[in-house]
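Peer 1: Attaching a single structure in structure tokens format; questions to follow.
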Amino acid sequence: MYTPKQRETVKEMSNWLDKMKWDIFSTVTYRYDVKKWQNYKIMTALEKYLQTLKKPFKMFWVTEFTNYNYNTHNHLLVKGDIVGDINYHLKSKSLTGKHVKHEPYEKEASIYVSKFICDRKTIWDLSESTDK
992 MYTPKQRETV KEMSNWLDKM KWDIFSTVTY RYDVKKWQNY KIMTALEKYL
1042 QTLKKPFKMF WVTEFTNYNY NTHNHLLVKG DIVGDINYHL KSKSLTGKHV
1092 KHEPYEKEAS IYVSKFICDR KTIWDLSEST DK
């Protein structure tokens, strides 16, 4: 799947993410087909919404393609008390129903989200509150 150099990149990314001590690993699956750039707009709007709350947080998200690269869903690493805010924002846009899972963070989550880093189709971002 990956070259030795890419495998090393994935490993380093995973280790770097794990050092951030996340609280939650989330999977967000949309109710509708969401293409790559629609997904990007949704996730950057979520980042902006979370910034307006003035709560301390950190969030890493990565897009994963599903259904033969036709649509997308996301995986998130979350630090801070924002899971309810994530749910509220996505549901308020009618994007999700019961298609969001939040689980306690484990190191394997950093490995899982990092495996997409070398895929040229993947989009990802790391955001955090500006109020500290």
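Take any residue in the sequence shown, count from 1 to its spot, add 991: that is its number in the numbering used here. Glycine residues also receive a C-beta, built at the ideal position from the N, C-alpha and C atoms.
Assuming the contact rule is C-beta atoms closer than 8 angstroms, V1064 and T1035 should be a hit. Round their C-beta distance to whole Å, please.
Peer 2: The question names Val, but residue 1064 in the sequence shown is His. H1064 to T1035, Cβ: 16 angstroms. No contact.
Peer 1: Among S1120, A1100, D1024 and K1112, which residue has its Cα nearest to the Cα of M1004?
Peer 2: Taking only the C-alpha atoms, the option nearest M1004 is A1100.
Peer 1: In the DSSP assignment, find the unbroken alpha helix (DSSP H) run with P995 in it and report its ends.
Peer 2: For P995, the enclosing alpha helix (DSSP H) begins and ends at P995 to D1009.
Peer 1: Does the Cβ-Cβ distance between F1048 and I1073 come in under 8 angstroms?
Peer 2: yes
Peer 1: Sort K1039, E1094, L1008 and E1055 by Cα distance to W1028 and report the nearest one.
Peer 2: Ranking K1039, E1094, L1008 and E1055 by Cα distance to W1028 puts E1055 first.
Peer 1: May I ask you to list the residues that DSSP assigns as paired with S1118?
Peer 2: M1050
Peer 1: Just the C-alpha distance for T1121 and E1094, rounded to the nearest angstrom, thanks.
Peer 2: Going by the C-alpha atoms only, they are around 25 angstroms apart.
Peer 1: Quick one: Cα of K956 to Cα of Y1103, how far?
Peer 2: As displayed, the chain neither begins before 992 nor continues past 1123, which places residue 956 out of reach and without an answer.
Peer 1: On the DSSP letters alone, give me the boundaries of the alpha helix (DSSP H) that N1078 sits inside.
Peer 2: V1074 to S1083
Peer 1: Relative to the C-alpha of L1086, which candidate in K996, P995, K1032 and T994 has its C-alpha closest?
Peer 2: Selection K996, P995, K1032 and T994 evaluated against L1086 yields K1032 as nearest (Cα-Cα).
Peer 1: So what does DSSP say about L1067, is it helix, strand or coil?
Peer 2: strand
Peer 1: Round the Cβ separation of Y1061 and D1024 to the nearest angstrom and send it over; I've been treating them as touching at under 8 angstroms.
Peer 2: 7 angstroms
Peer 1: Under the three-state reduction of DSSP, which class applies to N1062: helix, strand or coil?
Peer 2: strand
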